[in-house]
Each structure stands twice: as structure tokens, then as C-alpha cells.
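Trainee: Taken in sequence, the protein lines are chains A and B.
Numbering-wise (my numbering), the first sequence opens with residue 1 and increments by one.
Numbering-wise (my numbering), the second sequence opens with residue 1001 and increments by one.
Heads up, the beta-carbon is just placed ideally off N, CA and C, and yes, glycines get one too.
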Amino acid sequence: MAFVRCSRKGVGMANILVVDDSRTSRKILRGILEGAGFTIVAEATNGVEGYDKYVEFQPDLVTMDITMPVLDGLGGLKKIKEAFPESKVVMVTAAGQKNKMVEAVQNGADDFIPKPFDSEQLVATLKRVLGES
Amino acid sequence: MFGNYFGKYLQEKGVLTEKQYEDLLDELTEARLRLGTLAVLNGMMTNEQADEVNQLQKLQDRRFGDIATEKGYLTDEQVGALLRMQGDQYLLCIQVLTDHDYLSLGEIQKYINSFKREERFSALDLEALKSGDLDKIVPVFTKEASIPPVMKDYMALMARNVVRFISGDLRLKAAQRINDYSNSYMATQEMSGEFKLLVGLSGDKDAFLQAASTFGQEEFTEINEDSLDSVCEFINCSNGLYASKMSEDDVELELMPPVMHTGEVKLWTDGPMYLVPMYIGNRRLELVICLESKWHLSDAAERV
């Protein structure tokens, strides 16, 4: 018998925290993810705020933009992973940030989604990280 | 593309009204099927394959045909056939002008000659405009010898991204060196690494809002934090593609967070700074690029 690995919740109930300084990006991301059945539990605009919201909402997954003011996505990733090693953090990046991606992997990033968003690829990536594909 | 340039010239000469110029652009846009659409209509690709290539194009700054052949969806011969099917934009423009009795063929030839002479286009420049190939057209407007190659590359990439993300009706004017720039709003982003580049996008209100609305997938009617944020994000994605291309040549550039500016925005520098006017129909976007770190910006406010 084959067993499919499952996350704590199904996609329809998976709670997502979106961390991105761009309102446009957050809005597009929210539209795609809610359309696919995810729940956006909170939004944050930098790494510090992202960490605070993680502590408050304990989401199933975080989408973390890399280029942000105050504390960038790498800083936010480190803070969350240090305090919550079991957390799932998917980095969001405009193309071309190769060095940042390598650094993110070294700091425990679970995957990447490129900007501008491809909705199918985005949903598939999040499902895979949540163990639902 | 030829219609954008020649049509505008005819409008400025009073040969076409503004409405006739806009109608010309609309007809040319309708007649110009995208390569992916043509490939699907002709059974050469599936919808899914065309969508996949279109999406990859947004992430890789490469031509549709190049990606499709690399993925094995199309052969070089099929790409050639599709390009021929896509139609000759120059001939289409002539056809629209004569079909509507705007001009006779003889008059068109006369105006093309004066267009070439007055705009100081060489025979090669004119051929580039007739080709409709953006990669050939951009150099016509960035050929000033003093423009550093990295800035020329950036101008070409931004032109491709305006076409890709905002409007296919792009019409460029010659890049001009400037020492200062001011406007009442602007979106900027800095890139740094082996060299530093500051990129700003501004323009008239209608053009700026069109860019914000199309990229942000939302109708904006005012210049405010939301519309500025959308243009910031457009620049961020474009610069990501630029950084990606540069990294293929082992040049690493880091993107700084985009910044929105309002109020009396002033940008000045002693170093190389260029303004590239980019028209969408009659609306003017302004791309400003500074190289190296000698620029000064006033009235900046961080995004968020």
C-alpha cells in the first residue's frame, strides 16, 4: 500500500503568511493563493514584521520576499528558522538574485517562487512544500 | 512597430488626426497575432505549451521562438514559418493607410522619404523600423556613442519589458544625456555590485497610470502609494531579469528595495545619466538611468 505524505492540514485549510514590501505583489499573491483554496492569515512588509506575525499566527507556510527594507527576506528567514526550525519558508524573488538564493538555501529555505508569478507553478510549489503533491 | 513611428509622424504633420492615428494603432494591434497564438491555431503547439513558453519569457527575457525550440515544442523551420505568418508590419501599415484612403501609395512614398530625412534616419534605421523587430529598433534610438554599453543593454531590456508587461504599442525616442531630472512622482530602484545603476520611471499621469494598472492588474486612477507601488514592482521584476542576464556573464548585481518618490522629486548627477522617452500611443513614460554612484535624489520616501 502506498502512503501519501500529508501536512497538518489540507490545502483548503493551510494558513499562509505573506511577507512582501510590495502591496501589488501581496495582492496578486493573495488572489492566486485564495483562488487555490489557501487561507492568508496575515501579511507583513519586512523581515522583522514577518517574524512577529509568524510568532502571532503560527502559519503552516510563509512566502518571504527577498528584497525588502528594514530587514530583508534572508534576515526574516534566519529569524524564523532559528526560532522555529520546523517552519516552512518559501522565498519569493525577482529573477537574477542567484547569490541570495544560495544563501537562502544555506539558511534553510524550503523552496523558491520567482516573480512575476506563474500561478500554476506557485500553487504547485506550495503544495509540494506542504507535502501535498 | 513601423506604424507607431510613421503614423505619429503623419499625425504631427497634420496628415492624420489623433483619432486616425489611434485607429491605425488599434488595427495594427488586432492584425498582429502573437507567435504563441499562431502556433496553437496552426496545431504546432498546445495551449499549455504556449502558456508555459509565455510564462518563461517573462522570467528569462528571451524570444518566444528561442524558448519554444529549446523545449522541443517547435523546430527552427516552424518558427520561421510562424514569423512569416505573423505578417509584415510595414506592409500592414501601408495597407491600413490606403484602405482608409488616408493616403495614396505615391503620397505614402513621399512621406516616408520626408519622415526619413526629417527624423534623420539612415537607410538601415528605416529598415530596422520596418522589420518590427524590437532588438533591431532599440539600437536606432540608443546609438549615441557616449552611452555606456551596460546602459544600452538596460535600455533594450526595459523596452522589451514595457512591450511584454505593459503595451505592445511602444514608440521610443532617442536617448538623451541629461544632468538633472525632476517630476512630481517617480519610482526608482538601485542595483549595485560590479557597478551601480539607478533606474527611475516616471512620465505623464496617463502613461504612468496605464503602466501601474496593467502590471498591477488593477485599475488605478490616481498617482498614489498604490499606483507607485505597482510601478516599483514592475521595475523590480525588470531589474531582476537584467540582473539575471548580467549574471550569465558573471556580473553579479544586488537589487535594493524599490523606492517611491512624490512631491518635488529631483535627481541630479555629474556622472552619466540618460533619459529615454517611451511613448505608449500618445502617452509618455520616461525612463531615467544613472550609472555609478554620483547621483543625488531629493524627496525620497521608502516604499511601504
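Just verifying my parser: in three-state terms, what is the DSSP assignment at Pro69/A?
Mentor: Residue 69/A sits at position 69 when you count from the first residue of the first sequence. In this structure, Pro69/A counts as coil in the three-state DSSP scheme.
Trainee: At a CB-CB cut-off below 7 Å, which residues of chain A make contact with Ser1230/B?
Mentor: Counting from 1 along the second sequence, the entry for residue 1230/B is found at position 230. Result: Thr24.
Trainee: Taking its Cβ as the centre, do 16 or more other Cβ atoms sit within 10 Å of Thr1221/B, making it buried, or is it exposed?
Mentor: The count along the second sequence starts at 1 and reaches residue 1221/B at position 221. Per the 10 Å Cβ criterion, exposed.
Trainee: Starting from the beta carbon of Asn99/A, find every residue of chain B whose beta carbon is closer than 8 Å, and list them in chain order.
Mentor: Sequence index remark: in the first sequence, residue 99/A carries index 99 (1-based). Correct list: Glu1252, Glu1254.
Trainee: Closer than 7 Å, Cβ to Cβ, to anything on chain B: give me those residues from the segment 73-86 of chain A, in chain order.
Mentor: Per Cβ criterion, the list is empty.
Trainee: Is Met1191/B helix, strand or coil by DSSP?
Mentor: The residue you call residue 1191/B lines up with position 191 of the second sequence. DSSP places Met1191/B in strand when its eight states are reduced to three.
Trainee: Does the beta-carbon of Val105/A have 16 or more other beta-carbons within 10 angstroms, so that it is buried, or is it exposed?
Mentor: Sequence index remark: in the first sequence, residue 105/A carries index 105 (1-based). With fewer than 16 Cβ atoms within 10 Å of its Cβ, Val105/A is classed as exposed.
Trainee: Using a Cβ-based criterion (distance less than 7 Å to any ligand heavy atom), does Leu1172/B qualify as near the ligand FMN?
Mentor: The ligand FMN is absent from the structure shown, which contains no ligands of any kind.
Trainee: Am I right that Arg1283/B and Asp1180/B are in contact with their C-beta atoms under 8 Å? What's the rounded C-beta distance?
Mentor: Sequence index remark: in the second sequence, residue 1283/B carries index 283 (1-based). Sequence index remark: in the second sequence, residue 1180/B carries index 180 (1-based). No, Arg1283/B and Asp1180/B are not in contact; Cβ-Cβ is about 23 Å, not under 8 Å.
Trainee: Helix, strand or coil, according to DSSP, for Glu1018/B in the structure here?
Mentor: Position 18 of the second sequence holds residue 1018/B. In the structure shown, Glu1018/B sits in a helix (DSSP, three-state: H, G or I).
Trainee: Flag Lys1152/B as yes if its beta-carbon sits less than 8 Å from any beta-carbon of chain A, otherwise no.
Mentor: Start at 1 with the first residue of the second sequence, and residue 1152/B comes out as number 152. It does not; no Cβ of chain A falls within 8 Å.
Trainee: Contact criterion: CB-CB distance below 8 Å. Does Met91/A meet it with respect to chain B?
Mentor: The residue labelled residue 91/A in the question sits at position 91 within the first sequence. No - not a single Cβ of chain B is within 8 Å of the one on Met91/A.
Trainee: Would Ala2/A be called buried (16 or more neighbouring beta carbons within 10 Å of its own) or exposed?
Mentor: Indexing the first sequence from 1 puts residue 2/A at position 2. Annotation note: pLDDT 34 at Ala2/A (below 50); position unreliable, no value reported.
Trainee: Would you say Ala94/A lies against chain B (beta-carbon separation less than 8 Å)?
Mentor: On the first sequence, residue 94/A is found 94 positions in, with the first residue counted as 1. It does: the Cβ of Ala94/A has a partner Cβ on chain B nearer than 8 Å.
Trainee: Counting only runs of 3+ residues fully inside the segment 1153-1233 of chain B, write out the beta strand (DSSP E) ranges in chain order.
Mentor: Segments of the beta strand (DSSP E) lying fully in the segment 1153-1233 of chain B: 1170-1172, 1180-1193, 1197-1203.
Trainee: To the nearest whole angstrom, what separates the beta carbons of Ala94/A and Cys1237/B, a pair I think is in contact under 8 Å?
Mentor: Counting from one through the first sequence, the residue named residue 94/A turns up at place 94. Counting from one through the second sequence, the residue named residue 1237/B turns up at place 237. Yes, Ala94/A and Cys1237/B are in contact; Cβ-Cβ is about 5 Å, under 8 Å.
Trainee: What residues in the segment 1045-1066 of chain B bring their beta carbon closer than 7 Å to a beta carbon of chain A?
Mentor: For the segment 1045-1066 of chain B, which is checked against every Cβ of chain A, the residues closer than 7 Å are Gln1055, Lys1058, Leu1059.
Trainee: Give every residue of the same chain whose Cβ lies closer than 8 Å to the Cβ of Pro1258/B, excluding the five residues on either side of it in the sequence, and list them in chain order.
Mentor: Position 258 of the second sequence holds residue 1258/B. Closer than 8 Å at the Cβ level, and outside the excluded window around Pro1258/B, lie Ala1187, Thr1188, Gln1189, Cys1232, Glu1233, Ile1235, Asn1236, Arg1303.
Trainee: Could you tell me which uninterrupted alpha helix (DSSP H) segments, each at least 4 residues in length, are contained entirely in the segment 11-95 of chain A, listed from first to last along the chain?
Mentor: Counting only runs of 4 or more, we get 23-35, 47-57, 73-83.
Trainee: For Leu1035/B, which residues in the same chain have their Cβ closer than 6 Å to its Cβ, ignoring the five residues on either side in sequence?
Mentor: For the purposes of this step, residue 1035/B is identified with residue 35 of the second sequence, where counting begins at 1. So the list reads Phe1064, Leu1082, once near-sequence residues are dropped.
Trainee: May I ask you to list, following chain order, the residues of the segment 50-73 of chain A that have a beta carbon less than 9 Å from some beta carbon of chain B?
Mentor: Flagged, chain order: Ile66, Thr67, Met68, Pro69, Val70, Asp72.
Trainee: Any beta-carbon of chain B closer than 8 Å to the one on Asp111/A?
Mentor: Start at 1 with the first residue of the first sequence, and residue 111/A comes out as number 111. Judged by the 8 Å Cβ criterion, Asp111/A is not in contact with chain B.
Trainee: To the nearest angstrom, report how far apart Gly1014/B and Glu1248/B are at their CA atoms.
Mentor: For the purposes of this step, residue 1014/B is identified with residue 14 of the second sequence, where counting begins at 1. For the purposes of this step, residue 1248/B is identified with residue 248 of the second sequence, where counting begins at 1. So the two alpha carbons sit approximately 48 Å from each other.
Trainee: Out of curiosity, what's the CA-to-CA distance linking Gly1007/B and Leu1041/B?
Mentor: Here residue 1007/B is taken as the residue at index 7 of the second sequence, counted from 1. Here residue 1041/B is taken as the residue at index 41 of the second sequence, counted from 1. Each residue's Cα considered, the two are about 30 Å apart.
Trainee: For the alpha helix (DSSP H) that contains Arg1284/B, what are its first and last residues?
Mentor: In the second sequence, counting from the first residue as 1, residue 1284/B sits at position 284. No alpha helix (DSSP H) holds Arg1284/B; the beta strand (DSSP E) holding it covers 1283-1291.
Trainee: Looking at the C-beta of Leu1016/B, does it have a partner C-beta in chain A at a distance below 8 Å?
Mentor: Numbered from its first residue, the second sequence carries residue 1016/B at position 16. So no, Leu1016/B is outside the interface.
Trainee: Taking the alpha carbon of Met1085/B as the point to measure from, which residue in Gly1271/B, Leu1038/B, Val1053/B has its own alpha carbon closest?
Mentor: Taking the first residue of the second sequence as 1, we reach residue 1085/B at position 85. Among Gly1271/B, Leu1038/B, Val1053/B, the Cα nearest to that of Met1085/B is on Leu1038/B.
Trainee: Quick check: Val1053/B and Leu1172/B, are their CB atoms within less than 8 Å of each other?
Mentor: Your numbering for residue 1053/B matches position 53 in the second sequence. Your numbering for residue 1172/B matches position 172 in the second sequence. No, the pair does not count as a contact, with Cβ atoms beyond the cut-off.
Trainee: Which of helix, strand or coil does DSSP assign to Lys1266/B?
Mentor: By 1-based counting over the second sequence, the position of residue 1266/B is 266. DSSP places Lys1266/B in strand when its eight states are reduced to three.
Trainee: Counting pairs of Cβ atoms below 8 Å between the segment 46-53 of chain A and the segment 61-71 of chain A, do you hit three or more?
Mentor: Yes, since at least three Cβ pairs between the segment 46-53 of chain A and the segment 61-71 of chain A fall closer than 8 Å, the two stretches touch.
Trainee: Might you give, ordered along the chain, the residues of its own chain that have their beta carbon closer than 8 Å to the beta carbon of Arg1164/B, omitting 5 neighbours on each side?
Mentor: Counted from its first residue, the second sequence places residue 1164/B at position 164. The answer, listed in chain order, is Gln1057, Lys1058.
Trainee: Please report whether the beta-carbon of Arg128/A lies at a distance below 8 Å from any beta-carbon of chain B.
Mentor: Position 128 of the first sequence, counted from the start, is the residue given in the question as residue 128/A. Chain B, which has no Cβ nearer than 8 Å to the Cβ of Arg128/A, makes this no.
Trainee: Buried or exposed, going by whether 16 or more other CB atoms sit within 10 Å of the CB of His1296/B?
Mentor: Within the second sequence, the letter at position 296 stands for residue 1296/B. Under this definition His1296/B is an exposed residue.
Trainee: Is there a Cβ from chain A that is less than 8 Å from the Cβ of Asp1226/B?
Mentor: Working through the second sequence from its first residue, we reach residue 1226/B at position 226. Answer yes: the Cβ-Cβ gap between Asp1226/B and chain A drops below 8 Å somewhere.
Trainee: Starting from Asp1088/B, trace the alpha helix (DSSP H) in both directions and tell me its first and last residue.
Mentor: Here residue 1088/B refers to the residue found at position 88 of the second sequence. Looking at the DSSP string, Asp1088/B is not in any alpha helix (DSSP H), and its letter there is neither H nor E.
Trainee: Between Tyr1073/B and the rest of its own chain, which residues show a CB-CB distance below 6 Å, the 5 nearest in sequence each way excluded?
Mentor: Numbered from 1 along the second sequence, position 73 holds the residue referred to as residue 1073/B. The residues are Met1045, Gln1049.
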